[in-house]
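Position one of the sequence shown corresponds to residue 1 (UniProt numbering), numbered consecutively onward. Cβ coordinates follow ideal geometry from the N, Cα and C atoms, glycine included. Note sheet for the following structure.
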Amino acid sequence: MQSTPAIDMTSAICLAALVGLVVGSWLTTVVERLPRIMDYDWEAQFREWRGEDMPVDEERPSLWRPASRCPACQAPITGWRRLPLVGWLLLRGRCADCGQPIAWRYPALECLTAVGFAACVWRFGPGAQALWAMLLVAALLALAWIDMDTGLLPDAITLPLLWAGLLVNVAGTFAPAGQAVLGAAVGYGMLWLLFHGYRLMTGREGMGYGDFKLLAALGAWLGLAALPLMLLAASLAGALVGLLLIATRRARRGQPQPFGPYLAAAGIVALFGSGISTGWPF
Numbered sequence: 001m002q003s004t005p006a007i008d009m010t011s012a013i014c015l016a017a018l019v020g021l022v023v024g025s026w027l028t029t030v031v032e033r034l035p036r037i038m039d040y041d042w043e044a045q046f047r048e049w050r051g052e053d054m055p056v057d058e059e060r061p062s063l064w065r066p067a068s069r070c071p072a073c074q075a076p077i078t079g080w081r082r083l084p085l086v087g088w089l090l091l092r093g094r095c096a097d098c099g100q101p102i103a104w105r106y107p108a109l110e111c112l113t114a115v116g117f118a119a120c121v122w123r124f125g126p127g128a129q130a131l132w133a134m135l136l137v138a139a140l141l142a143l144a145w146i147d148m149d150t151g152l153l154p155d156a157i158t159l160p161l162l163w164a165g166l167l168v169n170v171a172g173t174f175a176p177a178g179q180a181v182l183g184a185a186v187g188y189g190m191l192w193l194l195f196h197g198y199r200l201m202t203g204r205e206g207m208g209y210g211d212f213k214l215l216a217a218l219g220a221w222l223g224l225a226a227l228p229l230m231l232l233a234a235s236l237a238g239a240l241v242g243l244l245l246i247a248t249r250r251a252r253r254g255q256p257q258p259f260g261p262y263l264a265a266a267g268i269v270a271l272f273g274s275g276i277s278t279g280w281p282f
């Protein structure tokens, strides 16, 4: 009886990149619509507290409908124009109806997701571990993008990501189970202490609670041993970019900057790095 040949690595990487383009296309919808859903829900809660109803003609936004539209003229994007990256390239970055430029952010997120998925297969090989890594990469890219746009890290992503990390590591996929639990607890606690220490000394808030949850999720996925370097790398990168923005007058001194993108980038680097310990006895 002949055994089924293992999938060729090059083919697996190419397939992962194609899947990444498709997932990245959906992520562009997530990063655009999820903050609007959050705004709607907050307004609905506020109106309920005041005993008011939401306007009848104001429908709650959805991740699934309507179909993608041009941000400028709201014309539906249909047919081949919806193809990830290819549609944008063939249209030369402009809407087919109104001719207005389509922001580079859409193909950029698609390409980043494709590269990230391909890297997951290259690093972990075709299999379940690579699929879990793709989930983490997709979530981190979405969180980074939303935080850059809005300064928010939605619980709708961070909390499921945290629990998924704990579930994945029941079998020690990326870190021993005990280290995953400690990583989640210590990750949250580290930023909680930094937050309150900074506020006590300066009277200002240096980060949001979403950052706590994101680092806790990274600790759940990658374990306690990965936390110090991730936090150090994210802090240094954030400080350097902040200084660069101030030097180029793109930001003012003391102006809040999102920390989530740096945590997400550090998490992706740690995921692909070889320094994650797996030899802990608990």
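What did DSSP end up calling residue i once you bin it into helix, strand or coil?
{"i": "residue 76", "result": "strand"}
{"i": "residue 69", "result": "strand"}
{"i": "residue 231", "result": "helix"}
{"i": "residue 207", "result": "coil"}
{"i": "residue 149", "result": "helix"}
{"i": "residue 126", "result": "coil"}
{"i": "residue 7", "result": "coil"}
{"i": "residue 177", "result": "helix"}
{"i": "residue 160", "result": "helix"}
{"i": "residue 261", "result": "helix"}
{"i": "residue 199", "result": "helix"}
{"i": "residue 187", "result": "helix"}
{"i": "residue 251", "result": "coil"}
{"i": "residue 238", "result": "helix"}
{"i": "residue 267", "result": "helix"}
{"i": "residue 219", "result": "helix"}
{"i": "residue 165", "result": "helix"}
What's the C-alpha gap between residue i and residue j?
{"i": "residue 37", "j": "residue 45", "result": "12 Å"}
{"i": "residue 201", "j": "residue 146", "result": "29 Å"}
{"i": "residue 97", "j": "residue 91", "result": "10 Å"}
{"i": "residue 262", "j": "residue 105", "result": "18 Å"}
{"i": "residue 197", "j": "residue 249", "result": "29 Å"}
{"i": "residue 28", "j": "residue 110", "result": "8 Å"}
{"i": "residue 159", "j": "residue 212", "result": "11 Å"}
{"i": "residue 273", "j": "residue 120", "result": "11 Å"}
{"i": "residue 132", "j": "residue 86", "result": "27 Å"}
{"i": "residue 21", "j": "residue 84", "result": "6 Å"}
{"i": "residue 7", "j": "residue 102", "result": "37 Å"}
{"i": "residue 255", "j": "residue 53", "result": "36 Å"}
{"i": "residue 266", "j": "residue 204", "result": "25 Å"}
{"i": "residue 284", "j": "residue 129", "result": "Residue 284 lies beyond the range of the chain shown here (1 to 282); nothing can be said about it."}
{"i": "residue 55", "j": "residue 43", "result": "11 Å"}
{"i": "residue 127", "j": "residue 252", "result": "47 Å"}
{"i": "residue 175", "j": "residue 168", "result": "9 Å"}
{"i": "residue 245", "j": "residue 144", "result": "18 Å"}
{"i": "residue 93", "j": "residue 73", "result": "15 Å"}
{"i": "residue 189", "j": "residue 214", "result": "12 Å"}
{"i": "residue 194", "j": "residue 228", "result": "13 Å"}
{"i": "residue 192", "j": "residue 235", "result": "15 Å"}
{"i": "residue 226", "j": "residue 172", "result": "14 Å"}
{"i": "residue 71", "j": "residue 89", "result": "17 Å"}
{"i": "residue 271", "j": "residue 149", "result": "24 Å"}
{"i": "residue 163", "j": "residue 77", "result": "35 Å"}
Whole-angstrom Cβ separation of residue i and residue j, contact assumed at under 8 Å?
{"i": "residue 216", "j": "residue 269", "result": "Actually they are not in contact, since the Cβ atoms of residue 216 and residue 269 sit about 18 Å apart, beyond 8 Å."}
{"i": "residue 259", "j": "residue 238", "result": "6 Å"}
{"i": "residue 47", "j": "residue 68", "result": "Contact flag wrong, Cβ pair sits at about 29 Å."}
{"i": "residue 187", "j": "residue 208", "result": "About 15 Å; that fails the 8 Å criterion."}
{"i": "residue 40", "j": "residue 65", "result": "Not quite, the Cβ-Cβ distance comes to about 14 Å (not below 8 Å), so this is no contact."}
{"i": "residue 112", "j": "residue 24", "result": "7 Å"}
{"i": "residue 19", "j": "residue 117", "result": "6 Å"}
{"i": "residue 75", "j": "residue 95", "result": "7 Å"}
Using alpha carbons as the reference points, say which of the options lies closest to residue i.
{"i": "residue 30", "options": "141, 74 and 123", "result": "141"}
{"i": "residue 231", "options": "183, 124, 117 and 112", "result": "183"}
{"i": "residue 138", "options": "16, 254 and 166", "result": "16"}
{"i": "residue 166", "options": "95, 185 and 154", "result": "185"}
{"i": "residue 210", "options": "40, 112 and 161", "result": "161"}
{"i": "residue 33", "options": "134, 229 and 154", "result": "154"}
{"i": "residue 181", "options": "189, 194, 223 and 207", "result": "223"}
{"i": "residue 240", "options": "70, 229 and 257", "result": "257"}
{"i": "residue 63", "options": "70, 189 and 35", "result": "35"}
{"i": "residue 26", "options": "114, 89 and 271", "result": "114"}
{"i": "residue 177", "options": "221, 14 and 199", "result": "221"}
Segments assigned beta strand (DSSP E), at least 3 residues, entirely inside the UniProt domain "Prepilin peptidase A24 N-terminal" (18–124): none
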